[in-house]
Structure formats: C-alpha cells, structure tokens
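Count along the sequence shown from 1, add 508, and you get the number used in the numbering used here.
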Amino acid sequence: MFNGKSNQAMVNTMELLLSALRAAAEVTRLRILGLLGHGELTVSELVSILDQSQPRVSRHLRLMVEAGLLARFREGTWVFYRLADHGLQRQLINDLLPHIESDSGDLARDLERLKLLRAERATLAAEYFQENAEQWNEVRSLYVPELEVEKALIELAGEQRNGNLLDVGTGTGRILEVFSESISAGVGVDLSRDMLSVARNELDAKSIENCEVRLGDMYNLPVERGSKDLVIFHQVLHFADDPLMAIKEAEKSLRAGGALLIADFAPHQHEFLRDEHAHRRLGFSDEEVTSWAHGSALSYAENLTFKGDKLDVKVWRLEKGRES
Ligand SMILES: C[S@@+](CC[C@H](N)C(=O)[O-])C[C@H]1O[C@@H](n2cnc3c(N)ncnc32)[C@H](O)[C@@H]1O
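Structure below.
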C-alpha cells in the first residue's frame with residue numbers, strides 16, 4: 509500500500525517521534541518543558557530554578573534542542589530557550605504539558621521559584637520606572653527617532669485609528685496623546701503607579717478628555733474582551749518575560765477586524781540596555797513577530813523600519829480577522 513516515498517516519510521516520522529520521546533523521558537527534562545510552558549527562559553534562570561549545575565542543565569537542554577523539542581537563541585550574552593512552536597514535537601509537547609502541569613511535587617516547586625524570580629525582576633524594572641517616571645519623556649527619545657515612529661504608528665493604524673484604542677504599557681501616556689485627536693476613546697494600562705501618575709498629569713495638563721489610564725498587567729488586561737479596535741505596544745515588549753502571552757492577551761481585547769501595532773527595536777547587541785534600562789530582550793526579528801501572529805490567531809500584515817544612530821526601530825502591524 510505504501511510507495512517508497514511514503515514509507516520513507518513514515519520512517520522519518522518514527523525517528524522524529526522516538527527521538528522526541530527519548531529526549532522528554534527524564535524527570536529534569538519534563539520539568540524544563542513544564543517551566544518553558546510559562547515562557548522563554550535563559551540557561552542561568554533554569555539553573556537557578558532547577559538548582560542543578562550549569563553543565564548538567566546545559567546537557568539536558570542540548571538533548572532537547574537536538575530532538576527538536578526546544579529552540580535555542582542567543583541574544584548578546586544571554587542564551588534563551590523556548591518550546592518548539594510547530595511540528596510533531598509541538599504536538600507532543602501539547603499532549604504532555606497538562607500532565608506535567610498536574611504534578612504537585614517538583615514542578616509545583618519549580619513554578620513557585622519561577623514566580624519569585626519574575627517578581628524580583630519585576631521589582632527591578634518597577635524601580636527603574638519609578639526612578640525615571642518624571643524624566644521618561646526625555647529618556648524615551650534618547651535612542652530612537654520618536655516623531656517618525658509616532659507618524660508611522662498613525663499611518664499603520666489605518667482605519668482603526670478612529671476607533672477605541674488600548675495602549676499597553678502606556679508609561680507617561682504619550683501614545684494616548686498622539687492618538688487622542690483621531691480615536692473615539694483611549695485606555696492606557698501600566699503596571700507602574702509612578703508612570704501612571706505622570707500620565708494622569710499629562711492628560712490633564714493637555715485637556716485630553718477622551719483618554720484614561722488604569723493600573724494593570726499586560727498578561728491580565730483590565731479591559732472588556734472584544735472591545736478595542738486598536739491595541740498598541742510601544743517600546744514595551746522588550747521588558748516582557750513572555751511576549752507571546754502578552755500578545756495573546758491583547759488579541760482577546762480586540763474586536764474582529766481590529767489591529768495590533770508593535771513598536772520595538774530591531775535585533776541589536778546593546779547589552780547596556782539590559783544593565784542600565786532593565787530590558788530583557790535585545791529587540792525582535794520579523795520572524796519572531798510572525799511567530800507571535802501565528803501563535804495568537806492574528807495575521808501579520810506589514811512593517812516599517814526606522815534607522816537610529818545606535819538602534820533601529822520597527823513598527824509591525826498584525827490584524828484580527830473580520831470573521832473571528
Ligand atoms: C519603556 S516604557 C514605554 C512607555 C510608553 N509606551 C512610551 O512609549 O512612552 C515601558 C512601560 O511598560 C510598563 N510595563 C512593564 N511591564 C509591564 C506589564 N507587565 N504590564 C503593564 N505594563 C508594563 C512599564 O511600567 C513602563 O511604563
């Protein structure tokens with residue numbers, strides 16, 4: 509019944525499956541899969557959560573990368589790992605994750621440690637924004653051609669620029685201000701009370717009455733589902749532990765036919781942004797943004813690039829289908 513070609517395909521599938529199963533079949537490696545189910549992590553984060561030596565953890569990671577269960581990428585001095593996002597290996601991971609998640613022993617402890625680690629990092633970032641809230645409007649323009657990027661955001665917003673806007677990680681509310689004349693209403697959400705208090709003052713001082721700001725987390729947005737025409741992440745996702753999860757959450761707040769704009773850095777090597785400005789990621793590639801679109805039921809529409817002195821900024825437009 510099988511011709512030579514399909515026999516070959518079956519052998520390859522069996523090999524892939526066997527190698528993925530072998531790579532997953534070990535307790536630390538299952539724990540790693542469970543942890544990465546909550547977003548990408550660096551080797552040193554995994555080492556500290558698993559409380560095992562770096563060579564040991566690296567060996568487990570290498571095996572899983574070879575079997576196609578994990579993807580590895582280097583960014584500056586940090587090496588990140590994330591779960592495979594497609595193929596047979598991804599299907600296998602999807603089948604395994606609910607079982608791994610139900611473990612109340614090792615993985616439950618690992619997830620507690622992950623929560624602590626992220627809380628520590630969030631505290632550092634919050635301190636940074638607390639210190640910089642007052643001067644943020646100067647800091648934000650230090651390394652990027654701001655006005656050009658703002659113009660591009662308006663252009664790429666298309667017809668959605670006239671609707672309801674959600675600005676995620678609004679900071680001092682600059683994006684609300686930029687869109688306030690065209691939108692019907694705008695909401696800015698931010699985790700930093702200090703940034704929000706500057707934003708409220710700015711909106712008041714400029715008599716912008718169709719916009720408000722709210723305290724909230726990009727992973728759990730305090731807005732009604734399906735209520736927004738336009739969602740913007742302007743220079744926010746490079747702080748995120750799990751950008752895809754933030755995009756998925758934002759997608760829920762969009763109406764069918766809505767658009768999501770991301771303005772962030774193109775891939776770069778400026779490690780000082782981690783050390784001095786609390787960045788986690790050193791920019792994003794088109795491929796990564798495309799993979800977020802695939803992972804969140806959005807489609808990738810277009811992008812623009814702006815050359816800066818040190819850094820390039822990109823604006824990407826993703827769209828939610830009119831039928832959804
Ligand atoms: C670099 S500022 C950009 C602010 C604004 N979008 C702008 O372009 O001026 C990043 C903002 O993201 C906020 N932020 C970071 N993590 C967040 C989270 N998990 N949820 C909501 N806001 C967050 C920070 O508090 C900060 O105000």
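Note that beta-carbon positions come from the ideal geometry of N, C-alpha and C, so glycine has one too. All figures in this text were calculated on a predicted structure; none of them were measured in a lab.
(1) For ligand 1, is there a heavy atom less than 8 Å away from the beta-carbon of Ile691?
(2) Hey, quick one: how far does the alpha helix (DSSP H) through Asp698 stretch, first residue to last?
(3) Measuring CB to CB, does Asn811 end up less than 9 Å from Lys828?
(4) Strictly closer than 5 Å from CB to any heavy atom of ligand 1: give me those residues in the order they appear in the chain.
(5) I'd like the list of long-range same chain contacts for Pro775, defined as Cβ closer than 6 Å, with 5 residues on each side in sequence excluded.
(6) Are the segment 520-528 and the segment 588-599 in contact at 8 Å, needing three or more beta carbon pairs?
(7) The alpha helix (DSSP H) with Asn670 in it runs from where to where?
(8) Beta-carbon within less than 8 Å of Ser656's beta-carbon, same chain only, minus the 5 sequence neighbours each way: which residues are those?
(9) Given the structure, does Asp614 come close to ligand 2, in the sense that its CB is under 8 Å from one of the ligand's heavy atoms?
(10) By alpha-carbon positions, which one of Pro563, Leu571, Gly545 ends up nearest to Ala531?
(11) Quick one: measure Cβ to Cβ for Arg708 and Val721, integer angstroms, because I've assumed they're closer than 8 Å.
(12) Residue range of the beta strand (DSSP E) that Asp614 falls in?
(13) Name the residue from Glu628, Glu667, Ser761, Leu632 whose alpha carbon lies nearest to the alpha carbon of Leu729.
(14) What separation, rounded to the nearest whole angstrom, lies between the Cα atoms of Arg830 and Trp800?
(15) From what residue to what residue does the alpha helix (DSSP H) around Asn602 run?
(16) What's the gap between the Cα of His546 and the Cα of Leu664?
In short:
(1) For the purposes of this step, residue 691 is taken as the residue at position 183 of the sequence shown. Not under cutoff, so the answer is no.
(2) Along the sequence shown, one-based indexing puts residue 698 at 190. No alpha helix (DSSP H) contains Asp698, which is instead part of the beta strand (DSSP E) from 693-698.
(3) Position 303 of the sequence shown, counted from the first residue, corresponds to residue 811. Position 320 of the sequence shown, counted from the first residue, corresponds to residue 828. Not in contact: Asn811 and Lys828 (Cβ atoms no closer than 9 Å).
(4) Phe637, Arg648, Gly677, Gly679, Arg682, Asp698, Leu699, Ser700, Met703, Asp725, Met726, His742, Gln743, Val744, Phe747
(5) Locating residue 775 in the sequence shown gives position 267, counting from the first residue. Contacts found: Gly791, Ser793.
(6) yes
(7) Taking the first residue of the sequence shown as position 1, residue 670 is located at position 162. No alpha helix (DSSP H) holds Asn670; DSSP gives it neither H nor E.
(8) If you number the sequence shown from 1, residue 656 lands on position 148. One point to set straight first is that residue 656 is Glu, not Ser, in the sequence displayed. Answer for Glu656: Phe814, listed in chain order.
(9) Ligand 2 is not part of this structure, which contains only ligand 1.
(10) If you number the sequence shown from 1, residue 531 lands on position 23. Nearest option by C-alpha distance: Leu571.
(11) Reading the sequence shown from its first residue, position 200 is the one you call residue 708. Reading the sequence shown from its first residue, position 213 is the one you call residue 721. At roughly 6 Å, the Cβ-Cβ gap stays under 8 Å, so Arg708 and Val721 are in contact.
(12) Here residue 614 refers to the residue found at position 106 when the sequence shown is read from its first residue. Careful: Asp614 lies outside any beta strand (DSSP E), inside the alpha helix (DSSP H) at 614-640.
(13) Stepping through the sequence shown from its first residue, residue 729 is reached at position 221. Out of Glu628, Glu667, Ser761, Leu632, Ser761 has the C-alpha closest to the C-alpha of Leu729.
(14) The residue labelled residue 830 in the question sits at position 322 within the sequence shown. The residue labelled residue 800 in the question sits at position 292 within the sequence shown. Cα-Cα distance, rounded: 19 Å.
(15) Walking along the sequence shown from the start, residue 602 turns up at place 94. Taken as a continuous stretch (DSSP letters only), the alpha helix (DSSP H) holding Asn602 covers 595-609.
(16) Walking along the sequence shown from the start, residue 546 turns up at place 38. Walking along the sequence shown from the start, residue 664 turns up at place 156. Cα-Cα distance, rounded: 31 Å.
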